[in-house]
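Asks: In this text, residue positions in the sequence shown follow our numbering: the first is 4, and each later residue adds one.
For glycine and all other residues, C-beta sits at the position ideal for the given N, C-alpha and C.
Below you'll find the structure I mean.
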Amino acid sequence: MNVQIQSVKFDADKRLVEFVNAKMTKLDRFAERSTGAEVILKLDKDHEKGNKIATITLHMPGEDLVACHQSKAFEESVDEAIDALKRQLEKFKAKTEK
């Protein structure tokens with residue numbers, strides 16, 4: 004899967020990029036027909052709620068699946084967004100198999 008990673012308002016370090024790539028590789032096992040993915044890592048101003056936002060867009064044939072999560076750490080945000088995408092993929096597969 005072709006994964007594009009963008010960091011907004013900060014420079015992502017090598018460890019974070021490797022973490023995201025590893026997680027997306029695992030997600031690729033569930034998304035056999037995926038044509039690519041975009042991961043946007045963004046810093047927000049709201050420090051109380053958690054200012055690290057991860058938005059993942061998974062390009063599937065005929066539809067894009069999008070998940071966004073906000074927390075105090077990028078790793079947690081990415082994990083939660085990928086969990087949400089796995090649930091969306093299950094629904095997408097069920098819908099396309101009918």
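Return the chain-ordered ranges of every beta strand (DSSP E) run that is complete within the segment 47-71 and spans a minimum of 3 residues.
Replies: Segments of the beta strand (DSSP E) lying fully in the segment 47-71: 55-63.
Asks: I need the straight-line Cα distance from residue 37 to residue 70, nearest angstrom please.
Replies: Start at 1 with the first residue of the sequence shown, and residue 37 comes out as number 34. Start at 1 with the first residue of the sequence shown, and residue 70 comes out as number 67. Cα to Cα, residue 37 sits roughly 15 Å from residue 70.
Asks: Using a Cβ-Cβ cutoff of less than 6 Å, which residues in the same chain neighbour residue 87 once the five nearest sequence positions on both sides are dropped?
Replies: Numbered from its first residue, the sequence shown carries residue 87 at position 84. The answer, listed in chain order, is 70.
Asks: Tell me the rounded alpha-carbon separation between residue 22 and residue 78.
Replies: The residue you call residue 22 lines up with position 19 of the sequence shown. The residue you call residue 78 lines up with position 75 of the sequence shown. When rounded, the distance between both Cα atoms is 8 Å.
Asks: Please classify residue 34 as buried or exposed, where buried requires at least 16 other C-beta atoms within 10 Å of its C-beta.
Replies: As a working note, residue 34 is residue 31 in the sequence shown. When all chains shown are included, residue 34 counts as buried.
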